[in-house]
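Taking my numbering, the leading residue of the sequence shown gets 210, the next gets one more, and so forth. Here's the structure we're looking at; comments come further down.
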Amino acid sequence: MILVLMGPPGAGKGTQAARLAADMSIPQVSTGDLLREARRDGSDIGKRAAGYMDAGTLVPDDLVIALIERRLEQGDCKPGAILDGFPRTVAQAIQLDDMLERGQRQVGAVVSIMVNEDEIVERILGRLTCGQCGAVFHRLIKPPAVAGQCDVCEGGVSSRSDDNEDAIRTRLQTYTNQTAPVLDYYAGAGRLEKVDGTGGMDDVFERIQDALSVA
Ligand SMILES: [Zn+2]
């Protein structure tokens, strides 16, 4: 089963995708990772992608699709995969469907993590990152045992300077505007499962599992 996991920045999508992948014993396929790997592997397609990344422009959809196709052909993806970070537009969703159809596969379900904008702002603003090892904490939800100090390596933790409220709200608005039509696209085909993303990571994970068991 090919699953698509969607959710706004700050909704914990990456974490949920990793848990789901472990739970279902299928790989998590993140387009960000695919692009970084492609750059390193020296293949033609990797070099082309690297050209766009180095120029600071978006990698074209057909290239990203080709990378996903190549990844899904690998043995560990035979039982399925969880797509994380793709598709973000209807055009990408249609191209993805076409590509999967060629391999006689399909997107079985799309899980969209729905979170209230104010809650996401609060989550991101409260985020504390260790400057030394990158561990992430949260002022309210997951404070370090010693204030200002990382539990893992005892490095200093602080909030990211680019996380200001206006910037977060703009990112969320962009996400919503871009992906609302994608959700409509999948809802029309009866593949969309909306999951309440409020509360703790464990609660959300349980809701995702419930949604998939009836999908
Ligand atoms: Zn640390």
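Quick reminder that beta carbons are idealized off the backbone N, C-alpha and C, glycines included.
Could you give the distance in angstroms between the alpha-carbon of residue 336 and the alpha-carbon of residue 365?
-> Stepping through the sequence shown from its first residue, residue 336 is reached at position 127. Stepping through the sequence shown from its first residue, residue 365 is reached at position 156. So the two alpha carbons sit approximately 13 Å from each other.
Between residue 292 and residue 212, is the Cβ-Cβ spacing less than 8 Å?
-> Within the sequence shown, the letter at position 83 stands for residue 292. Within the sequence shown, the letter at position 3 stands for residue 212. With a cutoff of 8 Å on beta-carbon distance, residue 292 and residue 212 are scored as near each other.
Out of curiosity, what's the CA-to-CA distance linking residue 225 and residue 238?
-> Locating residue 225 in the sequence shown gives position 16, where the first residue counts as 1. Locating residue 238 in the sequence shown gives position 29, where the first residue counts as 1. Using only the alpha carbons, I get a separation of about 13 Å.
Of the residues 233, 235, 271, 234, which one's Cα is nearest the Cα of residue 244?
-> Here residue 244 corresponds to residue number 35 of the sequence shown, with the count starting at 1. Out of 233, 235, 271, 234, 271 has the C-alpha closest to the C-alpha of residue 244.
DSSP puts residue 239 in a beta bridge; with which residues?
-> Along the sequence shown, read from residue 1 onward, the residue named residue 239 stands at position 30. DSSP lists 293 as partners of residue 239.
List the whole-angstrom C-beta distance separating residue 305 from residue 254, where the pair is believed to meet the contact cut-off of C-beta under 8 Å.
-> The residue you call residue 305 lines up with position 96 of the sequence shown. The residue you call residue 254 lines up with position 45 of the sequence shown. Not confirmed; about 17 Å, so no contact.
Mind checking who residue 358 pairs with in its DSSP beta bridge?
-> Against the sequence shown, residue 358 aligns to sequence position 149. Per DSSP, 355, 365.
Less than 7 Å between the CB of residue 355 and some heavy atom of ligand 1, yes or no?
-> For the purposes of this step, residue 355 is taken as residue 146 along the sequence shown, with counting starting at 1. The nearest non-hydrogen atom of ligand 1 is 7 Å or more from the C-beta of residue 355.
Whole-Å CB distance - residue 217 paired with residue 329, under 8 Å assumed = Indexing the sequence shown from 1 puts residue 217 at position 8. Indexing the sequence shown from 1 puts residue 329 at position 120. At roughly 6 Å, the Cβ-Cβ gap stays under 8 Å, so residue 217 and residue 329 are in contact.
Residue ranges of each alpha helix (DSSP H) run of no fewer than 4 residues wholly in the region 216-272, ordered along the chain?
-> Counting only runs of 4 or more, we get 222-233, 240-250, 253-263.
Can you find at least 3 beta carbon pairs, one from the region 383-402 and one from the region 349-357, that sit closer than 8 Å?
-> Short answer: they don't touch.
Residue 285, enclosing beta strand (DSSP E) - first and last residue = Here residue 285 is taken as the residue at index 76 of the sequence shown, counted from 1. Taken as a continuous stretch (DSSP letters only), residue 285 belongs to no beta strand (DSSP E), as it is neither H nor E.
Relative to the alpha-carbon of residue 326, which residue among 383, 359, 401 has its alpha-carbon at the smallest distance?
-> Residue numbering aside, residue 326 sits at position 117 when the sequence shown is read from its first letter. Of 383, 359, 401, the residue nearest in Cα terms is 383.
How should residue 296 be labelled, buried or exposed, when 16 other C-beta atoms within 10 angstroms of its C-beta is the threshold for buried?
-> To locate residue 296, count along the sequence shown from 1; it is residue 87. Residue 296 counts as buried, since at least 16 other C-beta atoms from the protein chains shown sit within 10 angstroms of its C-beta.
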